[in-house]
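For reference, the structure is listed below as structure tokens.
2 protein chains.
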Amino acid sequence: MALSAPYKEIIDNAVKAIHERIFFAQYPEHPKAYGEDAPTIGLEAYKNQLGKPFTELLQTNAASWIGEEVSPYSLEPLGITYPAFEVDTLIVRSGRAFAAWKNVSVDDRAEVLVLALEQIKNRFFEIANATQHTTGQSFMMSFQASGPHASDRALEALAMGYEELTRFPEHVTWEKPAGKSVIKLEKTFKPVPKGVGLVIGCSTFPTWNSVPGLFATLITGNTAIVKPHPKSIYPIAIVVAEIQKALQAKGLDINICQLAVDTASKPITKELAQNPLVKLIDYTGGSAFGAYVESLPGKVTFTEKAGVNSVILDSVADLNAVTQNLAFAASLYTGQMCTAPQNIFIPAGGIKVGDQTVTYDEVVKAFCGALSGIAKHPQMGPGTFGAIQNEATLKRVDAVKDIATVLLAPETIANPEFPNARTSSHVVLEVDAKDFGIYENELFGPIVLVIKTKNTEHSVELAKEMAAKHGAITCAAYTTDGATEKLIAEEMESVFAPVSFNLTGGIFVNQHAAFSDFHVTGGNPAGNASFSNPEYVNKRFVWVGHRKL
Amino acid sequence: MALSAPYKEIIDNAVKAIHERIFFAQYPEHPKAYGEDAPTIGLEAYKNQLGKPFTELLQTNAASWIGEEVSPYSLEPLGITYPAFEVDTLIVRSGRAFAAWKNVSVDDRAEVLVLALEQIKNRFFEIANATQHTTGQSFMMSFQASGPHASDRALEALAMGYEELTRFPEHVTWEKPAGKSVIKLEKTFKPVPKGVGLVIGCSTFPTWNSVPGLFATLITGNTAIVKPHPKSIYPIAIVVAEIQKALQAKGLDINICQLAVDTASKPITKELAQNPLVKLIDYTGGSAFGAYVESLPGKVTFTEKAGVNSVILDSVADLNAVTQNLAFAASLYTGQMCTAPQNIFIPAGGIKVGDQTVTYDEVVKAFCGALSGIAKHPQMGPGTFGAIQNEATLKRVDAVKDIATVLLAPETIANPEFPNARTSSHVVLEVDAKDFGIYENELFGPIVLVIKTKNTEHSVELAKEMAAKHGAITCAAYTTDGATEKLIAEEMESVFAPVSFNLTGGIFVNQHAAFSDFHVTGGNPAGNASFSNPEYVNKRFVWVGHRKL
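Those protein sequence lines, which keep their order, are chains A and B. Its first residue numbered 10, the first sequence is counted upward by one per residue in this note's numbering. Its first residue numbered 10, the second sequence is counted upward by one per residue in this note's numbering.
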């Protein structure tokens with residue numbers, strides 16, 4: 010085996026993009042880029058899979074076949090079952106596979122993983138349908154997030170790993186002058202992997218949030234056990250199956266990458282996480298379980314937990330453009346993105362719009378109007394909001410109505426294509442700045458809080474405190490004043506929260522582009538890792554240097 | 010301010026050396042490189058300092074002046090006092106300095122730090138005397154370790170930091186094609202420092218072990234509080250004073266780098282370490298306190314603790330050359346180096362020497378003979394062994410005589426120059442392989458254990474277990490067999506311990522060269538950090554990217 014020239018070029022281009030951080034996509038986000046027949050083929054594959062065992066995995070001797078996925082659009086079970094294994098079986102197989110994989114060269118590992126990505130590309134439309142009917146995302150978001158965007162993030166992690174693993178020479182002759190003679194040592198430098206990696210997935214972004222850790226773990230020579238959320242297995246099962254096929258094609262142990270499924274009633278995640286052979290854990294999900302993962306002794310963890318994302322409104326050029334943009338950002342996938350805005354800080358005295366001052370009430374009204382406009386729009390509504398993954402989110406929307414003044418009440422979003430879809434438009438609550446206890450909580454789903462502050466400095470202070478205490482993955486700020494922009498940037502970066510300034514039109518605070526935007530900084534409680542900074546791969550292996558006279 | 014061309018060149022050369030890992034030294038290790046008068050000037054400066062307050066630090070309003078250093082050569086107090094401050098004063102000053110330093114550009118920080126290194130260079134001989142009479146190292150080791158070798162390690166960390174901090178562009182225009190139009194964002198990428206860094210020094214290598222963390226912390230924009238061991242303040246006080254002078258010369262707050270002294274009876278380390286503003290901790294010292302440091306919540310820690318270093322004897326070309334080399338490695342600074350060999354594994358059936366088999370007893374005899382030869386040699390003995398830093402080490406040498414068969418008894422090493430010097434040659438103990446409970450302990454100082462094993466595989470198994478359980482910073486192995494060499498390399502690297510093979514002549518297992526050898530891997534219990542891999546600097550800051558339409 011070796012790293013073939015076309016695959017080397019893919020990695021080299023990715024490495025270059027990571028350094029330059031300009032726009033780059035190995036996998037185009039437009040569905041049309043994949044050929045005319047691709048959508049139909051993908052849909053057929055999806056339909057053929059429904060109600061049947063998923064038999065593509067190469068893992069053998071399953072202990073049982075299980076599956077409990079339900080479409081948030083039809084509220085019907087998908088009826089797909091997956092092979093399940095005892096935790097001991099998974100660990101023993103992973104440990105045995107590690108003994109081989111750790112000695113496979115970096116080039117050979119890269120060859121396998123790029124091959125897998127190129128095969129996954131051919132299944133983007135099946136993955137899109139699988140994602141839509143497990144997460145409730147719209148079809149377009151399902152396609153983009155779970156398909157090209159996820160694969161770009163996987164390639165980013167792979168390329169970052171490739172660069173770091175090849176950063177130092179494998180071998181050098183070291184010659185130190187010593188008077189009239191020379192001391193000569195042969196030195197080798199080896200990036201030694203840590204062991205078994207566990208990748209714990211979430212229900213809302215089953216591939217996008219899991220493939221960076223998975224590819225980072227594998228390129229660095231660790232083996233992987235992928236434990237998806239029991240409600241969102243199908244999309245990542247395809248990814249794992251393609252990795253296994255690529256491993257098999259290259260004559261390698263398919264257990265280098267295993268799928269580990271469980272059910273909500275009999276979870277296996279803690280048993281896996283606590284096993285001493287598991288050295289790396291990648292996790293996306295709630296903060297409580299994330300804190301447990303981070304607290305495990307003897308593990309290197311990479312977490313993305315909950316955050317409370319803020320919007321700071323100070324001054325704008327065009328209020329309509331701003332509220333439209335914010336409303337869309339909040340509406341995308343019914344606010345179930347980790348990057349969605351939640352808390353909107355508006356000064357009690359209103360904000361500047363060009364040369365005018367627009368009152369607080371008018372700003373709130375404009376924002377609520379924009380939200381309603383999207384939700385009630387017959388085409389835009391269902392396509393933007395999608396469906397709600399989890400019944401608990403719907404209950405939360407109902408429950409929060411009691412805790413503060415309701416500015417906008419939630420309603421069902423009619424979806425003619427899927428009349429049973431679990432949907433809701435936003436509940437917008439008005440909260441006073443002093444009610445920190447309300448808005449400091451992550452209220453996952455279509456819940457937006459408008460917080461009346463004394464002035465912009467007060468807004469910044471609260472947004473900063475929120476990020477420091479509870480974490481923030483994004484912050485949107487609107488200001489036409491240079492000094493205020495500087496203040497916001499400096500204050501928010503001091504709590505390691507990135508700020509998006511003055512977004513309007515077709516770009517939204519929720520969108521983090523692979524190869525350019527770091528996703529989560531790793532510096533505040535929203536998570537301890539970042540897609541994909543150098544640490545994201547460096548912590549997965551250890552440089553060991555031997556010397557020989 | 011800006012990064013001047015000559016200093017930029019120093020950094021560029023260092024970055025290149027780090028990548029290539031061939032021999033490189035910015036600061037020559039030969040004393041003659043520093044001019045004919047330098048030794049005398051340095052000695053005079055040292056003598057003038059004795060018995061007086063150390064007034065070079067620019068920190069003001071000391072709460073008291075304290076100092077309790079004692080020369081291990083004369084057993085007399087040095088009589089030097091240092092300004093001491095309340096912990097709150099140190100923290101408040103550091104926090105205030107952080108607000109400014111974090112916004113100083115990477116180039117400007119580099120300018121200050123290289124200036125400091127260039128000034129420290131002029132004081133290598135004073136630092137050498139200061140080190141000799143606080144640590145007990147020989148003059149030559151004091152000069153090399155605390156002078157050029159330490160400064161090279163500082164430059165290495167600084168250069169690694171410089172490279173990482175400038176890895177991504179400060180600003181890019183990101184243009185994403187969107188149908189017929191283009192979405193354009195201005196993006197900035199900023200490495201945001203974490204806060205106050207605490208650097209906790211040890212008594213045996215007061216500069217070498219502290220300056221890498223100190224320079225890594227400072228170049229990444231964090232402020233530093235340097236807390237030396239109360240018995241070894243003088244050498245690092247000079248370093249801190251020179252950094253403060255360089256800061257002052259550039260118009261910066263000298264509290265960016267503070268010295269924090271305490272006494273053995275009133276330690277302040279825990280109070281400093283637990284302060285919430287302290288985000289980074291660099292630590293060298295015993296394992297128990299190291300474990301405490303690592304356990305502190307909300308801190309990023311870089312530790313070098315104790316390790317148990319093994320020697321594996323399998324087969325050699327020239328037994329005399331090997332035992333001479335090992336004996337010298339064990340004798341350097343009376344075994345008080347963290348890299349010194351402790352456990353020598355020898356197969357019961359003896360080892361191959363060329364085509365012959367030499368019995369276990371003969372190998373042991375040759376090794377003990379070589380040790381005695383150095384210890385009793387009138388010139389070589391005192392110059393190699395130096396003196397013992399701590400009375401407790403001497404007591405340990407005495408105490409261990411009861412726990413196993415004594416193969417070689419310790420004796421005082423006569424030192425005509427310093428008749429009161431605290432010295433001891435080695436105690437060599439013979440231990441059976443089954444007595445794991447004895448040889449699994451780090452027995453710091455001139456204590457060597459010879460462990461009789463079944464065969465080389467057994468030796469490797471035990472050395473590996475030791476490194477996994479208790480950590481190892483070095484491993485020396487001697488084998489003329491290719492397959493055995495491969496086995497040792499793979500087994501030891503699986504527990505993240507580097508192996509030095511077949512060292513004889515003028516190169517020793519204890520020596521780790523800056524810019525080439527990683528010191529400590531960070532992968533086993535000997536420490537969680539490595540001088541200086543990319544992680545060593547990356548963990549000290551967070552990439553934050555802002556975006557603006």
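For glycine and all other residues, C-beta sits at the position ideal for the given N, C-alpha and C. All of these numbers come straight from a predicted model, not from anything done at the bench.
Counting pairs of Cβ atoms below 8 Å between the stretch 516 to 536 of chain B and the stretch 205 to 213 of chain B, do you hit three or more? Taking 8 Å as the limit for Cβ pairs, the verdict is that the stretch 205 to 213 of chain B does not touch the stretch 516 to 536 of chain B.
Could you check which residue in B/Leu122, B/Lys259, B/Ile360 has the C-alpha nearest to that of B/Ala166? Taking only the C-alpha atoms, the option nearest B/Ala166 is B/Leu122.
Cβ closer than 7 Å: which chain A residues qualify as neighbours of B/Ser160? Ordered by position in chain A, no residue passes the 7 Å Cβ test against B/Ser160, which lies about 17 Å from the chain.
Is there a Cβ from chain A that is less than 8 Å from the Cβ of B/Phe148? Chain A, which has no Cβ nearer than 8 Å to the Cβ of B/Phe148, makes this no.
Which bits of chain A does B/Asn559 rub up against, with CB to CB less than 7 Å? Because chain B here runs from 10 to 558, residue 559 of chain B falls outside it and cannot be looked at.
Could you tell me which residues DSSP puts in a beta bridge with A/Pro441? The question names Pro, yet the displayed sequence has Asp at residue 441 of chain A. Paired residue(s): A/Lys461.
State yes or no: is the beta carbon of A/Pro387 nearer than 8 Å to at least one beta carbon in chain B? Residue contact check for A/Pro387 against chain B: no CB pair falls below 8 Å.
Limits of the unbroken beta strand (DSSP E) element including B/Gly206: B/Gly206 -> beta strand (DSSP E) spans 205 to 209.
Can you find a C-beta in chain A that's less than 8 Å from the C-beta of B/Trp183? B/Trp183 counts as touching chain A.
Can you tell which of A/Gly554, A/Glu77, A/Gln35 has the C-alpha that lies nearest to the C-alpha of A/Ile19? Of A/Gly554, A/Glu77, A/Gln35, the smallest CA-CA separation from A/Ile19 is found for A/Gln35.
If we ignore side chains and look at the alpha-carbon of each, how far apart do A/Val249 and B/Gly531 end up? Near 31 Å, if we compare the C-alpha coordinates of B/Gly531 and A/Val249.
Is A/Ala413 closer than 8 Å to A/Val440 when the C-beta atoms are compared? Judged by beta-carbon spacing, A/Ala413 lies within the 8 Å limit of A/Val440, meaning their Cβ atoms are closer than that value.
Is any beta-carbon of chain B found at less than 8 Å from that of A/Val205? Not an interface residue.
Tell me the DSSP secondary structure of A/Phe510 in three-state form. Strand.
Under the three-state DSSP convention, the category B/Glu313 falls into: Per DSSP, reduced to three states, the secondary structure at B/Glu313 is strand.
The stretch 507 to 538 of chain A: which residues have C-beta closer than 8 Å to a C-beta of chain B, in chain order? Under the 8 Å Cβ criterion, the stretch 507 to 538 of chain A contributes Pro507, Val508, Ser509, Phe510, Asn511, Leu512, Thr513, Gly514, Gly515, Ile516, Ala522, Ser525, Asp526, Phe527, Thr530, Gly531, Gly532.
From the beta carbon of B/Ile31, is the nearest beta carbon of chain A less than 8 Å away? For B/Ile31, the answer is yes, since a Cβ of chain A falls inside 8 Å of its Cβ.
Spatial distance of A/Gly114 from B/Leu458 (CA atoms): It should be pointed out that residue 114 of chain A corresponds to Ser in this sequence rather than to Gly. Distance between the alpha carbons of A/Ser114 and B/Leu458: 38 Å.
Could you spell out where the alpha helix (DSSP H) holding B/Gln129 opens and where it closes? Reading the sequence as shown, one finds Ile at residue 129 of chain B and not Gln. Per DSSP, B/Ile129 belongs to the alpha helix (DSSP H) from 115 to 130.
Return helix, strand or coil for A/Tyr36, following the three-state DSSP convention. DSSP places A/Tyr36 in coil when its eight states are reduced to three.
First and last residue of the uninterrupted beta strand (DSSP E) at A/Leu417: It spans 414 to 417 - the beta strand (DSSP E) in which A/Leu417 sits, taken as one unbroken run.
Reduced DSSP category for A/Gln365 - H, G, I as helix; E, B as strand; rest coil: In the three-state reduction of the DSSP assignment, A/Gln365 falls in the strand class.
Since A/Thr562 is in the beta strand (DSSP E), which residue starts that stretch and which ends it? Since the first and last residues shown for chain A are 10 and 558, residue 562 of chain A lies out of range.
Cβ-based neighbour list, A/Met346, same chain, cut-off 6 Å, excluding 5 preceding and 5 following: Excluding its 5 nearest sequence neighbours in each direction, A/Met346 has C-beta neighbours in its own chain below 6 Å: Asn519, listed in chain order.
Answer with yes or no whether the minimum CB distance from A/Leu328 to chain B is below 8 Å. It does not: the Cβ of A/Leu328 has no partner Cβ on chain B nearer than 8 Å.
Thinking B/Ile360 and B/Lys461 are a contact (beta carbons under 8 Å), I'd like their distance in whole angstroms, please. By a beta-carbon distance limit of 8 Å, B/Ile360 does not contact B/Lys461. Their separation comes to about 12 Å.
Contact set for A/Val24: own chain, Cβ-Cβ below 6 Å, skip 5 residues either direction: If we look at A/Val24 and ignore the five residues flanking it on each side, its Cβ neighbours are Ala168, Glu172.
Whole beta strand (DSSP E) runs in the stretch 312 to 349 of chain A with 3 or more residues, listed along the chain? Counting whole runs of 3 or more residues, the stretch 312 to 349 of chain A contains the beta strand (DSSP E) stretches 319 to 322.
Strictly below 7 Å CB to CB, what residues from chain B border A/His238? Those within 7 Å of A/His238 in chain B number zero; the least Cβ separation is about 28 Å.
Please list the terminal residues of the continuous alpha helix (DSSP H) segment that includes A/Trp183. Residue range 180 to 187 is occupied by the beta strand (DSSP E) that includes A/Trp183, with no alpha helix (DSSP H) assigned at that position.
Which residues does DSSP list as the beta-bridge partners of A/Trp552? A/Pro200.
Rounded to the nearest angstrom, what separates A/Glu127 and A/Thr293 at their Cα positions? Cα to Cα, A/Glu127 sits roughly 25 Å from A/Thr293.
A/Asn352: first and last residue of the uninterrupted beta strand (DSSP E) it sits in: Run containing A/Asn352: 352 to 356, per the beta strand (DSSP E) assignment.
Pick from B/Val553, B/Gly554, B/Phe445: whose alpha carbon is nearest that of B/His479? It is B/Phe445.
Who does B/Gln267 pair with in a DSSP beta bridge? DSSP, once it has assigned bridges, lists B/Ile234 as partnering B/Gln267.
Proximity to B/Glu85 [Cα-Cα], best of B/Lys557, B/Pro428, B/Leu558, B/Glu470: Of all alpha-carbon atoms in B/Lys557, B/Pro428, B/Leu558, B/Glu470, the one lying nearest the alpha-carbon of B/Glu85 is that of B/Pro428.
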